[in-house]
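FYI, in full-length UniProt numbering the residues of the sequence shown are 1 to 228. Note that the Cβ used here is the ideal one computed from N, Cα and C, for glycine as well. Data block below; observations after.
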Amino acid sequence: MTQHHVIRIWDLPTRLFHWTLAAATIALVATAKLGGNAMLWHERLGYLMLALLVFRLAWGLVGGRWSRFASFLYSPARLLRYVRGGGQPHVDDVGHSPLGALSVFALLIVLVLQVASGLASDDEIAFTGPLARFLSGEWVGRATWYHADVGQYLIYGLVGLHLLAIAFYALVRRRRILRPMITGDKVLAEPVPASRDDGRMRALALVLVALAALLAWWVSRLDAGGGF
C-alpha cells in the first residue's frame, strides 16, 4: 500500500496574500475600465497592491520554507528537464514547480513595474502619481504610456497563462493545485520538510504587513509633500 503524507506547504500568510492579490488585480482592472469616479478606487487599490508586493518580497526571504524564493529558484537546465518530462516530481512539484516558479517571478516583476509606472504616471485628467513630481516630463510620459498601453496587457497575458496552467494540471495531469492554496496542505507520496506556520510566523507576517502598509501610506503622501 502506498503511504501518503499530509504536509503543510503553504503557510497562512502566503495563502492570504495569494487570494488578496487575485482579488486586488481583478478590482484594479475593473476600476480602470470603468474610469470616472472609479479611478479613485483604482488609486487606492494601487496602494494596496504596493503593500502586497512589498510584503511578498519580504516574505520571500523570511516566510515559510516553500514560500521563500530560495525554494523555487531553479536553474535553466532544471527547467528544461522539467519541460521535457525528465524532472523529479517528488521534488519539483512540492512547492512551485519550475514552470510555476517562472510564472510567479514573471507575474511579480510585471506587477511591480505596473505599480511603479502607475505611481510615476500622469493621465492629465484625474490622476497624477505621487512620484511624478520627482521625474522629468519625458519619464512621466514613458511611465504613463507603459502603464496604460503595455503593462496591463502583460498582466492579462500572464493571468491567462496562469488560468490555462491550472486547467491543464486539473484536466490532464489530474492534480489539484488550487486546494493546497486554500488548506495549505498537500498529500505527497514522500515526506518533505513542512513550512513553518505557527503563531510566531503569523505574528511576523502581521509586522511585515504593517510595515508594508506604512510604506504604501508614506508613498501616497509624497504628492502632497507629506512623509513621516
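Take residue i and list the residues in its own chain whose beta-carbon comes closer than 8 Å to its own, dropping the five residues that flank it on each side.
i, result
"Val-219", "Tyr-47, Leu-50, Leu-119, Pro-130 and Leu-131"
"Ala-106", "Leu-158"
"residue 234", "It is not possible to answer for residue 234, since the shown part of the chain is limited to 1 through 228."
"Phe-17", "Leu-52, Phe-55, Arg-56 and Trp-59"
Quick one: what's got a C-beta closer than 7 Å to residue i's C-beta in the same chain, skipping five residues either side?
i, result
"Val-140", "Ala-120, Ser-121, Asp-122 and Ala-132"
"Val-29", "none"
"Leu-208", "Phe-55, Ala-58 and Trp-59"
"Pro-193", "Arg-65"
"Ala-170", "Arg-176"
Closest to residue i by CA distance: which of the options is it?
i, options, result
"Ala-212", "Ala-58, Leu-28 and His-162", "Ala-58"
"Leu-177", "Ser-117, Ser-97 and Ala-24", "Here residue 177 is Ile; the residue named in the question, Leu, does not match the sequence. For Ile-177, the nearest C-alpha among the options comes from Ser-97."
"Glu-124", "Ala-148, Ser-103 and Leu-61", "Ala-148"
"Leu-163", "Gly-137, Ala-216, Ser-117 and Gly-100", "Gly-100"
"Leu-222", "Asp-197, Leu-135 and Gly-160", "Leu-135"
"Gly-184", "Val-91, Asp-197 and Tyr-169", "Asp-197"
"Arg-142", "Ser-195, Ala-116 and Gly-160", "Ala-116"
"Gly-151", "Val-6, Ala-32 and Ala-23", "Ala-32"
"Ile-26", "Ile-7, Leu-61, Leu-111 and Arg-81", "Leu-111"
"Ile-109", "Arg-84, Leu-154, Lys-186 and Trp-145", "Leu-154"
"Leu-45", "Leu-61, Gly-63, Ala-24 and Leu-34", "Ala-24"
Please report the distance separating the alpha-carbon of residue i from that of residue j.
i, j, result
"Arg-15", "Tyr-156", "22 Å"
"Met-1", "Ala-189", "A caution first: Met-1 carries a pLDDT of 47, below 50, which makes its placement in the model unreliable, though a value can still be read off. Computed Cα separation, rounded: 11 Å."
"residue 235", "Gln-114", "As shown, the chain starts at 1 and ends at 228. That puts residue 235 outside it, with no answer to give."
"Ser-75", "Asp-93", "15 Å"
"Thr-20", "Arg-56", "12 Å"
"Leu-215", "His-4", "43 Å"
"Ile-182", "Ile-166", "14 Å"
"Pro-191", "Arg-78", "22 Å"
"Gly-36", "Glu-138", "26 Å"
"Val-91", "Ala-22", "27 Å"
"residue 288", "Gly-160", "Any property of residue 288 remains undetermined from this structure, which presents the chain solely from 1 to 228."
"Gly-85", "Leu-102", "16 Å"
"Val-62", "Arg-8", "16 Å"
"Val-83", "Arg-174", "17 Å"
Keeping to the same chain, check which residues put their C-beta closer than 6 Å to that of residue i; ignore five residues upstream and five downstream.
i, result
"Ala-205", "Pro-13"
"Tyr-146", "Ser-117"
"Val-6", "Asp-185 and Val-187"
"Trp-217", "none"
- Inspect the CB distances between the stretch 55-70 and the stretch 38-45 and report whether three or more fall short of 8 Å. no
- Cβ contact (3+ pairs, closer than 8 Å) linking the stretch 4-13 and the stretch 197-206: yes
- Task: List in chain order: all unbroken alpha helix (DSSP H) runs of 4+ residues lying wholly within the stretch 40-100.
- Result: 76-83 and 89-92
- Item | Length at least 4, wholly inside the stretch 5-44: the alpha helix (DSSP H) runs in chain order | 12-34
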